[in-house]
Amino acid sequence: EIELELDNQANVDTIYFRGINDKDKGQFEKFGILFECEFDKEFEDELRSEIEDGVIPFEYYKLTWSTFQGSSYNIMKKPLRTISIDNSIADSNSSFNYFNKSLFDNKYSSSDKMKARNSFRNEVDLIFNALNLEGLGNNRQFGINSKKTILDNVLTVYEESISLENKGKGMENLIKTEIALNKSKNKLDVVLLEEPENHLCHSNLLKMLDEIKKNTNEAQLILTTHSNMIASRLDLRNILWIGSDEAISLNKIDQEDAIFFEKADQNGILNLLLSKKVILVEGPTEYMLLPIMYEKIIGKSMEEDFITIISCNGIAYKRYLAIAESAKKKVAVITDNDGKQNVIDSKEEYNKDKVLQRIFTDGNLSNWTWEICMYELNKNYFEEHVTVNKTSKYLFNKQDYGKVKGKMLNNKAEIAYSILNDIDDLKIPEYVKGAFTWINE
């Protein structure tokens, strides 16, 4: 069963859609449409064995649409004026035909549409008859098939004398969206937008997002996307994440977290939502090294265990954890203790109350960051493999940690890249091993 409950009662026939025949069959009247897919019991005797085996061919199911009043739903009496823009369809002709027909249908009144269709058909007949083509003999001649001369089938949209089909897929999608969202001209209540990021370059995607934001108070917009930018720029609190067995709304996350992801560049918020398990790290160093370390410790790749690693730029992991809690995602955070006991204590306190999220850090204050942890475990390796200039000081934040450690701290990504092929020769911090074990439990 799928139930669509509506609250836009002022613009539609409330009697036709109002009643108690919703899926719960309650005492209070509601307003909407019910879709049901169920086995057709007329075939119960013929399919007795299939029913007992639990395998029923889909053609023996019946599909019904009804209003909450109990009447059969007629698409001609649709309660909302809608249009769908599917940018994922490769066949642009079918996509455009649907868009043009829907736009035409919603833009004009029934009388205007009927007048335009009849005039078009009559004018085509007049033009053809004026050609005075020679007959075929035996009282036979060419004529126009009125079933094919349908105005709706030949409509297209022009901008500056160029049809949208000829403007390229990216501009086509952008202009379609702009037209659909302009409710003052097109009178649409709902715009359905499928994967708007398709075929758009970065700048045009930003332009589309600005257009959507400007028109949020016009038509209601429902869109699907695989784009981190779209999900975050349109406010995470609008997200309805649909999993395999439930739909989860993020409408209760903190406003500051939503604003952060709206402003943040290159965030991986959809990667978090679409992943089964996630490891959050602070930066590119851990992002490069952890997948190889994982294989060394666990014996399988992260991909085999359905784990995604996301680099979240330092303390931003707290923002990701807020989303993970709302979305019920299993997330391990691997982070530094920054040489502060209160940081270690706060992480331990956080872990006490959480089942699906946990923060892992080194418990030794002297191992205050990733590079120091790795150096202390593998001194001989780094002293031998990290080349330093004898005349250079390699200060880090104006402090002298020694030449090798100083170079490691000042060149984190470069050092990480240089040791990728030597992970088997290196010891791995215990807190990292703990994160790998926990994420697999």
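For the sequence shown, my numbering assigns the number 441 to the last residue and increments by one with no breaks. By construction, the Cβ of each residue, glycine as well, lies at the ideal position given by its N, Cα and C atoms.
Residue range of the beta strand (DSSP E) that includes C37: For the purposes of this step, residue 37 is taken as the residue at position 37 of the sequence shown. Element bounds for C37: 30–39.
Boundaries (first-last residue) of the beta strand (DSSP E) holding L193: In the sequence shown, residue 193 corresponds to position 193, counting from 1. Here the beta strand (DSSP E) through L193 covers 190–194.
F360 vs G434 beta-carbon contact at 7 Å: Taking the sequence shown and counting its residues from 1, one reaches residue 360 at position 360. Taking the sequence shown and counting its residues from 1, one reaches residue 434 at position 434. Their beta carbons are under 7 Å apart, which means F360 touches G434 by this criterion.
Segment contact flag, the segment 98–118 with the segment 151–163, C-beta cutoff 8 Å, min 3 pairs: yes
Range covered by the beta strand (DSSP E) that runs through A247: By one-based count along the sequence shown, residue 247 stands at place 247. Where A247 is concerned, the enclosing beta strand (DSSP E) stretches over 247–249.
Given L63 as reference, the closest of K329, E46, L34 once Cα atoms are compared: As a first step, residue 63 is located in the sequence shown; it is residue number 63 there, counting from the start. Looking at the Cα atoms, L34 is the closest of the given residues.
Sequence-distant residues of its chain with Cβ nearer than 7 Å to M208 (five each side left out): Start at 1 with the first residue of the sequence shown, and residue 208 comes out as number 208. If we look at M208 and ignore the five residues flanking it on each side, its Cβ neighbours are L174, T177, P196, L200.
Contact under 7 Å by Cβ, K405 with Y431: Mapped onto the sequence shown, residue 405 falls at position 405. Mapped onto the sequence shown, residue 431 falls at position 431. For K405 and Y431, no; Cβs fall outside 7 Å.
Buried or exposed by the 16-neighbour rule on C-beta atoms within 10 Å, applied to L229: As a position in the sequence shown, residue 229 is number 229, starting the count at 1. Residue identity check: residue 229 is Met in the sequence provided, not Leu. Label assigned to M229: buried.
Alpha carbon of N215 to alpha carbon of P79, nearest angstrom: Numbered from its first residue, the sequence shown carries residue 215 at position 215. Numbered from its first residue, the sequence shown carries residue 79 at position 79. Looking at the two C-alpha atoms, the distance is approximately 21 Å.
Same chain only: Cβ atoms within 6 Å of L273, ignoring 5 sequence neighbours per side: Translated into positions along the sequence shown, residue 273 becomes position 273. So the list reads W241, A327, once near-sequence residues are dropped.
Bridge partner(s) assigned by DSSP for V281: To locate residue 281, count along the sequence shown from 1; it is residue 281. Looking at the DSSP assignment, V281 forms a beta bridge with S311, I334.
Segment limits, beta strand (DSSP E) that includes Q357: Counted from its first residue, the sequence shown places residue 357 at position 357. Element bounds for Q357: 357–360.
C-alpha distance - K403 paired with N397, whole-angstrom precision: Translated into the one-based positions of the sequence shown, residue 403 becomes position 403. Translated into the one-based positions of the sequence shown, residue 397 becomes position 397. Approximately 14 Å, taken between the alpha carbons.
Buried versus exposed call for T285 [16 or more other C-beta atoms within 10 Å across all chains shown]: Along the sequence shown, one-based indexing puts residue 285 at 285. T285 comes out buried.
Cut-off 8 Å between Cβ atoms - residues of its own chain near S72, not counting five sequence neighbours on either side: Mapped onto the sequence shown, residue 72 falls at position 72. Answer for S72: T64, W65, S66, listed in chain order.
Contact check, K25 vs E3, beta carbons under 7 Å: Counting from 1 along the sequence shown, the entry for residue 25 is found at position 25. Counting from 1 along the sequence shown, the entry for residue 3 is found at position 3. Result no, Cβ atoms of K25 and E3 do not sit closer than 7 Å.
Beta-carbon gap between M293 and I423 smaller than 7 Å: Stepping through the sequence shown from its first residue, residue 293 is reached at position 293. Stepping through the sequence shown from its first residue, residue 423 is reached at position 423. Their beta carbons are under 7 Å apart, which means M293 touches I423 by this criterion.
Stretch-stretch touch, CB-based, cutoff 8 Å, three pairs: the segment 330–339 with the segment 356–371: yes
Coarse secondary structure for S443, derived from DSSP in three states: Outside the shown range of the chain, which is 1 to 441, sits residue 443, and nothing can be said about it.
Closer than 6 Å: I242 CB and nearest the ligand NAP heavy atom: Ligands in the displayed structure: none, and consequently the ligand NAP is not present.
Contained beta strand (DSSP E) runs [length at least 3] in the segment 317–404, N- to C-terminal order: 330–334, 357–360
Contact between the segment 375–393 and the segment 343–361 (3+ Cβ pairs under 8 Å): no
Residue environment, K329, which counts as buried when at least 16 other CB atoms sit within 10 Å: In the sequence shown, residue 329 corresponds to position 329, counting from 1. So K329 ends up on the buried side.
Residues bridged to Y61 [DSSP beta-bridge criterion]: Here residue 61 refers to the residue found at position 61 when the sequence shown is read from its first residue. Paired residues: F39.
Top-ranked residue by Cα proximity to N440, from L126, A247, A231, E303: Reading the sequence shown from its first residue, position 440 is the one you call residue 440. Considering only alpha carbons, the answer is E303.
C37 burial status per 10 Å Cβ neighbour count (16 or more: buried): Sequence index remark: in the sequence shown, residue 37 carries index 37 (1-based). Label assigned to C37: exposed.
Anticipated Cβ contact below 8 Å, V281 with I334, distance rounded: For the purposes of this step, residue 281 is taken as residue 281 along the sequence shown, with counting starting at 1. For the purposes of this step, residue 334 is taken as residue 334 along the sequence shown, with counting starting at 1. Contact flag correct, Cβ pair sits at about 5 Å.
Contact set for D125: own chain, Cβ-Cβ below 7 Å, skip 5 residues either direction: Taking the first residue of the sequence shown as 1, we reach residue 125 at position 125. Within the same chain, D125 has close Cβ partners I144.
Under the three-state DSSP convention, the category Q266 falls into: Taking the sequence shown and counting its residues from 1, the one referred to as residue 266 is at position 266. Reduced to three states, the DSSP call for Q266 is coil.
Bridge-paired residues (DSSP) for Q220: The residue given as residue 220 occupies position 220 in the sequence shown. The partner list for Q220 (beta bridge, DSSP) reads V190.
Spatially closest choice to K412 from L377, Y350, L289, by CA coordinates: Along the sequence shown, one-based indexing puts residue 412 at 412. Looking at the Cα atoms, L289 is the closest of the given residues.
Cβ-based neighbour list, L221, same chain, cut-off 6 Å, excluding 5 preceding and 5 following: Locating residue 221 in the sequence shown gives position 221, where the first residue counts as 1. Taken in chain order, the residues that qualify are V191.
Contact check, L6 vs F31, beta carbons under 7 Å: Within the sequence shown, residue 6 is the residue found at index 6, counting from 1. Within the sequence shown, residue 31 is the residue found at index 31, counting from 1. Yes, these two residues count as a Cβ contact at 7 Å.
Sub-7 Å separation of T308 and N267 beta-carbons: Within the sequence shown, numbered from 1, the residue matching residue 308 stands at position 308. Within the sequence shown, numbered from 1, the residue matching residue 267 stands at position 267. Not a contact, by the Cβ cut-off of 7 Å.
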